[in-house]
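Numbering (this note's numbering), first residue to last: 9 to 450.
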């Protein structure tokens, strides 16, 4: 063997190319042969399959023994439902404690928990393994929504110690994304976006998108909004901080900006204003039941020019001004029933008719979006709705067209640097929301 190895070494040193060439040819030939016979192998799918069953012996698992003196604590949370009682709430939270139910049934703290708008209040409990109540905490928003109320109950021996206090809300930002399959609210519900945020989203782009007719399947949105939190738990959604909506391939964007005493508004990310001089609708979200122009009058029974737009809505729905102005009339006008008229700059005016309630007085100055009354069915009316008119120097015009064509209110040049800083932060958050949506789609 040693002599053979020495001979190979001498040959390689004298004829390196010849030896390596031979090895290469051998390997290449082997490769070609393998390639040539590979397709001749039978298809694995056609091979017979045999199932083999064999018993396996498993070592017995060691028994787990818990020390009898180790106490288990169970945690559970839920929200108060309409018509809940102390007993029904505690049972749903896993509290099987008659003593706790009796002690808290008429307790002042629990009465406050069920007072007012009780539905939706968050309640958390700690119990032992037998379902005895150890601790209870609840948080909710009172009428003053700058703070939240907190109830804490703790078992001390055979008694229950309770405490009620108020704490400042903390504000955080949340992002969400969605794709339109049927409607805006269906899409926002599918991603657990609060209704108040969905309404704001529709309002932000109402001048550019008709959410009743313009939506297309596959349209998508990204949104950043405030969350008002108590002890780290979201209690209410706040203002939309930025959003983008892609409708039929066209992107619409808006970012909220407010500086000091300046009135806040939405702007495009390039600094152009998204705020129109006139809002698209005097109601936050409704449907047009009768448009501007010639129509068949349901009461008179003949065709007549309809000099405004009718919005179908339940009685009591808040009505708002579409632009800054001054109240010039607040009272009753024949077939219009309860009426409010508002004068705006440039000789323009708006009229709101058939109101169930008037909340302003003549001479009062109002701001865009301010609530001034409520939908009703006063005067000549077949059902609850708002009749809304727009006039330019006394000449009636289509309110829907005016809202789309009204001029933007530009941002002050002195605030541009601060605006750019806010817009940069919001752009990053919207990009993050978009990335999350794309990742979930993949």
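Idealized CB from N, CA, C, for every residue including glycine.
Take residue 160 and list the residues in its own chain whose beta-carbon comes closer than 6 Å to its own, dropping the five residues that flank it on each side. Contacts found: 145 and 171.
Whole-angstrom Cβ separation of residue 351 and residue 336, contact assumed at under 8 Å? Between the beta-carbon of residue 351 and that of residue 336 there is about 5 Å, and that keeps the pair under the 8 Å contact cut.
Among 226, 107, 245 and 229, which one has its Cα closest to the Cα of residue 235? Here the closest residue by C-alpha is 245.
Check whether the Cβ atoms of residue 397 and residue 363 sit closer than 8 Å, and answer yes or no. For residue 397 and residue 363, no; Cβs fall outside 8 Å.
What residues in its chain sit with their C-beta under 8 Å from that of residue 192, if we drop five residues either side in the sequence? Closer than 8 Å at Cβ, skipping near neighbours: 206, 209, 210, 219 and 223.
Quickly, what does DSSP pair residue 352 with across the bridge? List them, please. DSSP output for residue 352 lists 356 as bridge partner(s).
Could you spell out where the alpha helix (DSSP H) holding residue 189 opens and where it closes?
-> For residue 189, there is no enclosing alpha helix (DSSP H), as DSSP gives it neither H nor E.
Q) Along the chain, where does the beta strand (DSSP E) that runs through residue 96 open and close? A) Counting along the chain, residue 96 falls outside any beta strand (DSSP E), though it belongs to the alpha helix (DSSP H) covering 94-100.
- [ ] Give me the Cα-Cα distance between residue 266 and residue 183, rounded to the nearest whole angstrom.
- [x] Approximately 20 Å between the Cα atoms of the pair.
Notebook entry, point to check: Quick one: Cα of residue 136 to Cα of residue 107, how far?
Noted result: Going from the Cα of residue 136 to the Cα of residue 107 covers about 14 Å.
Legend entry - Where residue 300 falls: helix, strand or coil (DSSP): Note that residue 300 scores a pLDDT of 46, beneath 50, so its modelled location is shaky; the value from the coordinates is reported in the next line. In the structure shown, residue 300 falls within a coil segment according to DSSP collapsed to helix, strand and coil.
**Neighbour-count burial assignment, residue 447, 16 or more Cβ in a 10 Å radius** = Residue 447 is exposed by the Cβ-count criterion.
Original post:
Are the region 419-435 and the region 274-283 touching by the rule of at least three beta carbon pairs closer than 8 Å?
Top reply: Judged by Cβ distances under 8 Å, the region 419-435 makes contact with the region 274-283, as three or more pairs qualify.
Got a sec? Which residues, its chain only, sit under 6 Å from residue 287 by beta carbon, not counting five neighbours each side?
If we look at residue 287 and ignore the five residues flanking it on each side, its Cβ neighbours are 330.
Unbroken beta strand (DSSP E) run spanning residue 250, endpoints | 241-255 is the extent of the beta strand (DSSP E) around residue 250.
*In this structure, does DSSP put residue 34 in helix, strand or coil?*
Confidence in residue 34 is poor, its pLDDT being 38 and thus under 50, which makes the residue's placement too unreliable to answer from.
ask   = In this structure, does DSSP put residue 409 in helix, strand or coil?
value = It is helical.
Endpoints, beta strand (DSSP E) assigned at residue 106: Where residue 106 is concerned, there is no enclosing beta strand (DSSP E), although the alpha helix (DSSP H) it sits in stretches over 106-112.
**Message:** Could you tell me the alpha carbon to alpha carbon distance between residue 308 and residue 343, rounded to whole angstroms?
**Reply:** Residue placement at residue 308 is flagged as unreliable, the pLDDT there being 47, under the threshold of 50; the coordinate-derived value follows with that caveat. Their Cα atoms are separated by approximately 12 Å.
Please report the distance separating the alpha-carbon of residue 251 from that of residue 147.
Whole-angstrom Cα-Cα distance: 29 Å.
message = Let me make sure I understand the geometry here. Which of 143, 240, 85 and 139 has the alpha-carbon closest to that of residue 128?
response = Nearest C-alpha to residue 128: 85.
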